[in-house]
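Before any comments, here is the structure.
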Amino acid sequence: MKVRLSDQYYNHTEISIDNTPLNSTTEAEEVIACCDLVIDATADGSVTSMLHHVALATGNRVISACLQNDGDTFRVDVIPPLTGDPLPMTLQREQGGDQAFEGGCGDPVSPTPPYAVLEAAAMTTRHAVGLLCGQPLSPSGEVREYLAHDPKQA
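Just so you know, we're using the numbering used here here: the sequence shown kicks off at 1125 and counts up by one.
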């Protein structure tokens, strides 16, 4: 994303990426304080929780983006919401079928299809641009469900 945005002739904004792990709320406060917008796509519950609590305490905005339910659900949360309540919790379903694992490291392989990753990234980008330009798409974010599964059939 940084390369793509930096290649745009109209872009005069400094874009930085920091992959340093967040280990404390103090570190999270420092990151949030120095940025116009922090986007959390870590899939790390402890980092998301830290950023969430710091954003609520400071009033600075964070976008949290995640894919759930094997890519059938994705959501973008604006934290804290601009107005009103946050988005409701997503219904989590049990994983179906056998899990696949990497041969070398033994990590689980995500069954999330590539198109879901691209759409989630596009949805996150639309919300980030809207917030940064003062034209938010929604006050609390967005949830998309692509495949409605009947829990009885899972």
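Idealized CB from N, CA, C, for every residue including glycine.
Tell me where the alpha helix (DSSP H) around residue i begins and ends.
i	result
L1261	Counting along the chain, L1261 falls outside any alpha helix (DSSP H), and DSSP gives it neither H nor E.
I1156	1149-1157
T1207	No alpha helix (DSSP H) holds T1207; DSSP gives it neither H nor E.
Mind checking who residue i pairs with in its DSSP beta bridge?
i	result
T1197	Q1192, E1269
D1164	S1188
A1224	V1233
V1127	V1127 pairs with nothing; no bridge assigned.
V1171	Per DSSP, none; premise fails for V1171.
V1202	I1187
Have a look at the options and flag the residue whose alpha-carbon is nearest the alpha-carbon of residue i.
i	options	result
V1186	D1131, V1171, D1222, R1217	V1171
V1241	G1195, E1226, V1253, I1141	G1195
L1147	S1173, A1244, G1183	Note that residue 1147 corresponds to Asn in the displayed sequence, not to Leu. Taking only the C-alpha atoms, the option nearest N1147 is S1173.
Taking its Cβ as the centre, do 16 or more other Cβ atoms sit within 10 Å of residue i, making it buried, or is it exposed?
i	result
M1213	exposed
P1275	Residue placement at P1275 cannot be trusted, given a pLDDT of 48 that sits under 50; the coordinates are not used to answer.
S1188	buried
L1256	exposed
A1278	Residue placement at A1278 cannot be trusted, given a pLDDT of 44 that sits under 50; what the coordinates show is reported in the next sentence. Burial call: exposed.
Y1270	exposed
D1164	buried
| message | When you compare the segment 1221-1240 with the segment 1145-1152, are there three or more beta-carbon pairs, one atom per stretch, that lie closer than 8 Å? | response | no
| Taking contact to mean at least 3 C-beta pairs separated by less than 8 Å, is the segment 1246-1266 in contact with the segment 1200-1210? | yes
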